[in-house]
Ligand SMILES: Nc1nc2c(ncn2[C@@H]2O[C@H](COP(=O)(O)OP(=O)(O)OP(=O)(O)O)[C@@H](O)[C@H]2O)c(=O)[nH]1
Ligand SMILES: [Mg+2]
């Protein structure tokens, strides 16, 4: 296909504004997915995406479209990348935007412009993309097209007639939108002429057990076939193209890919860590200058992951390597912690990201893990003059050796119907926020809204702020944030002891003002979650050099087979075997067996 008949675009929006549903209708109109395979949000293929009804990974798909003007029809290739809306997955969005020339900015006409609308719009503008504003869900009885149009006009400074109206549910307006994509989004351009001048941007990866690393690419220049000798410009790693193809949306082999195309190359590389997203692929025989690539994402929270069974360390390492190939936003590094053994310190873009990764480790790799309480990073100036960066609360030094602690702050933007401002201000105060500008947003109407800019410690944003905002605003408030500067913090380490031993995974860093309450919460929660043991034990919270919260959990004697009368003797033996194994583990980790679910549930309570 010549360049003038290709359009590359993405759909960006706040979470749940209907991106994937709109993509469904485009796939139908262009007959990309056969009817029998069609289902709601068909591009959300991961098990976790379907369970939670959210997009986690971007998904490219190639559509063939017949564009009719008057009595003339022309064939176009439309390469769409559907992106996630949740802030934790914004690295996906930023990478997708470098592979396209235009973006559909979708705004839910029942909700209006939300915080992530602004963030993603900024990203699209910074990438120099053509933006097509579109209102979604116009079929809904709650749709407020005129009011929301005004908000979009204000935001983009555009003509109201330029804003298209669609319903992903009924398909209304989607045909017209496809026509506008052809008309308004510029075709791709090349830098180098000639088939042999090949350059492609790697915007994503996938790993297949028998085909190795599959790179998702946007071809910028030249042409590529199966069986060519290629090289990653950044990592200098050489490989052969074992297969090339496009997404429909599953991988579909093709004879070649050429400038302007979005597709994939099967590399056969089985070793993880060889190349990274943002790298440029070039021909080994004709090395052209690489592209500038992507910014490395800045982790927001850290948690350490250890195998339950130390023998699984190598397996965990391999799993993390493979996972990194399907999610380049998370990072990991080997780490040894005295009592938990060898594991990995992992960086995530937020709590949902952390939850998804740990869930995938369990599901896709069948690993039993211990995960420490998530933490942000702290910088310490110690009394002995040393400077330290602390990623894990367990390593947070005793107060007596600290001169000064610095913690990251974030710049936060909240958009909310004005009537909830009072509730939100109260909440902001409790989370140590500094309130900046408050602006009116949109021109009145029943749902007059405000946008508030604040600065607050990242630590406080991670302390259940998102859920509290939801309840303070009856679900209408939305939030986005960026990392800001480091500031001095008044915090200390809280340890949780079970049967007089510190459980390192439960240690956390908390504000000194809140340490008593935090200790009480953790101890109560653990008391509730921990199964009864054979013996009575104490659960305690210790901070500032003393025990500040304590609970005693009474023990009980229990034979796991006692509820089975007569019957199946082999099952009983199996259970006893299991019990024995359990006891062995117990010994390894002191006296108390803490099941994996307890670690996961304690971790969630730390949000
Ligand atoms: N009434 C109505 N509901 C819609 C429409 N489009 C989407 N929805 C509903 O809105 C919800 C979110 O739709 P999605 O398409 O998953 O939204 P999304 O923007 O892809 O969400 P993320 O990818 O997680 O950010 C689903 O419950 C859809 O059924 C529409 O046009 N009309
Ligand atoms: Mg989606």
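Numbering (this note's numbering), first residue to last: 917 to 1523.
By construction, the Cβ of each residue, glycine as well, lies at the ideal position given by its N, Cα and C atoms.
Nonlocal neighbours in the same chain, by C-beta distance under 8 angstroms from residue i, ignoring five residues either side
{"i": "residue 1424", "result": "1289, 1291, 1309, 1409, 1410, 1434, 1438, 1522"}
{"i": "residue 1448", "result": "1469, 1470, 1471, 1472, 1474"}
{"i": "residue 1501", "result": "Only weak support is given to the placement of residue 1501: the predicted model assigns it a pLDDT of 49, under 50, and the question is left unresolved by the model."}
{"i": "residue 1100", "result": "1018, 1046, 1048"}
{"i": "residue 1454", "result": "1413, 1414, 1415, 1416, 1466, 1467, 1468, 1469"}
{"i": "residue 1518", "result": "1289, 1421, 1422, 1438, 1441, 1442, 1445"}
{"i": "residue 1482", "result": "Bear in mind that a pLDDT of 47 at residue 1482, under 50, signals an unreliable position, so the model cannot answer this."}
{"i": "residue 1336", "result": "1388, 1389, 1390, 1392, 1393"}
Heavy atom of ligand 1 within 7 angstroms of residue i beta-carbon
{"i": "residue 1266", "result": "no"}
{"i": "residue 1269", "result": "no"}
{"i": "residue 970", "result": "yes"}
{"i": "residue 957", "result": "yes"}
{"i": "residue 1394", "result": "no"}
{"i": "residue 936", "result": "yes"}
{"i": "residue 1084", "result": "yes"}
{"i": "residue 1145", "result": "no"}
{"i": "residue 1388", "result": "no"}
{"i": "residue 1043", "result": "no"}
{"i": "residue 931", "result": "yes"}
{"i": "residue 1428", "result": "no"}
{"i": "residue 1208", "result": "no"}
{"i": "residue 1052", "result": "yes"}
Sequence-distant residues of its chain with Cβ nearer than 6 angstroms to residue i (five each side left out)
{"i": "residue 1216", "result": "1265, 1266"}
{"i": "residue 974", "result": "997, 999, 1008, 1012"}
{"i": "residue 1499", "result": "Because residue 1499 carries a pLDDT of 47, less than 50, the predicted location of this residue cannot be relied on, and no value is offered for it."}
{"i": "residue 1440", "result": "none"}
{"i": "residue 1349", "result": "1370, 1372"}
{"i": "residue 1221", "result": "1259, 1260, 1262, 1285, 1287"}
{"i": "residue 1026", "result": "1053, 1056, 1058, 1059"}
{"i": "residue 1122", "result": "1130, 1242"}
{"i": "residue 1426", "result": "1410, 1434"}
{"i": "residue 1177", "result": "1135"}
{"i": "residue 1400", "result": "1325, 1326, 1327"}
Residue i beta carbon near ligand 2 (any heavy atom closer than 7 angstroms)
{"i": "residue 1137", "result": "no"}
{"i": "residue 1000", "result": "yes"}
{"i": "residue 1006", "result": "no"}
{"i": "residue 1238", "result": "no"}
{"i": "residue 1548", "result": "Lying before the first or after the last residue shown, residue 1548 is absent from the chain, which here runs from 917 to 1523."}
{"i": "residue 960", "result": "yes"}
Cβ neighbours of residue i in the same chain (closer than 7 angstroms, five flanking residues each side left out)
{"i": "residue 1514", "result": "1445, 1446"}
{"i": "residue 1016", "result": "924, 925, 926, 997, 1045"}
{"i": "residue 1344", "result": "1351, 1370"}
{"i": "residue 1355", "result": "1366, 1367"}
{"i": "residue 1168", "result": "1161, 1162"}
{"i": "residue 1334", "result": "1364, 1365, 1366"}
Contact check, residue i vs residue j, beta carbons under 8 angstroms
{"i": "residue 1048", "j": "residue 985", "result": "no"}
{"i": "residue 1091", "j": "residue 1022", "result": "no"}
{"i": "residue 1031", "j": "residue 1396", "result": "yes"}
{"i": "residue 1113", "j": "residue 1204", "result": "yes"}
{"i": "residue 1183", "j": "residue 1155", "result": "yes"}
{"i": "residue 1256", "j": "residue 1248", "result": "no"}
{"i": "residue 1555", "j": "residue 1181", "result": "A question about residue 1555 goes unanswered here, because the residues of the chain that appear run from 917 up to 1523."}
{"i": "residue 1232", "j": "residue 1283", "result": "yes"}
{"i": "residue 1145", "j": "residue 1195", "result": "no"}
{"i": "residue 1398", "j": "residue 1326", "result": "yes"}
{"i": "residue 1323", "j": "residue 1402", "result": "yes"}
{"i": "residue 1118", "j": "residue 1175", "result": "no"}
{"i": "residue 1193", "j": "residue 1244", "result": "yes"}
{"i": "residue 1137", "j": "residue 1115", "result": "yes"}
{"i": "residue 1431", "j": "residue 1459", "result": "yes"}
Sheet register partners of residue i (DSSP bridge)
{"i": "residue 1357", "result": "1365"}
{"i": "residue 1418", "result": "1413"}
{"i": "residue 1259", "result": "1251"}
{"i": "residue 1021", "result": "928, 1049"}
{"i": "residue 1169", "result": "1161"}
Contact test: residue i Cβ vs ligand 4 heavy atom, cutoff 7 angstroms
{"i": "residue 1056", "result": "Within the structure as shown, ligand 4 is missing, the only ligands being ligand 1 and ligand 2."}
Those runs of the alpha helix (DSSP H) which lie wholly inside the region 959-1017 and span at least 4 residues:
963-968, 1006-1013
Whole beta strand (DSSP E) elements within the region 1113-1164, 3-residue minimum:
1115-1124, 1128-1137, 1139-1141, 1145-1148, 1154-1156, 1159-1163
Minimum length 3: unbroken beta strand (DSSP E) runs contained in the region 1280-1337
1285-1287, 1294-1298, 1303-1306, 1318-1333
Where in the region 1381-1406 do unbroken runs of the alpha helix (DSSP H), each at least 4 residues long, occur, reported from the N-terminal end onward?
1381-1388
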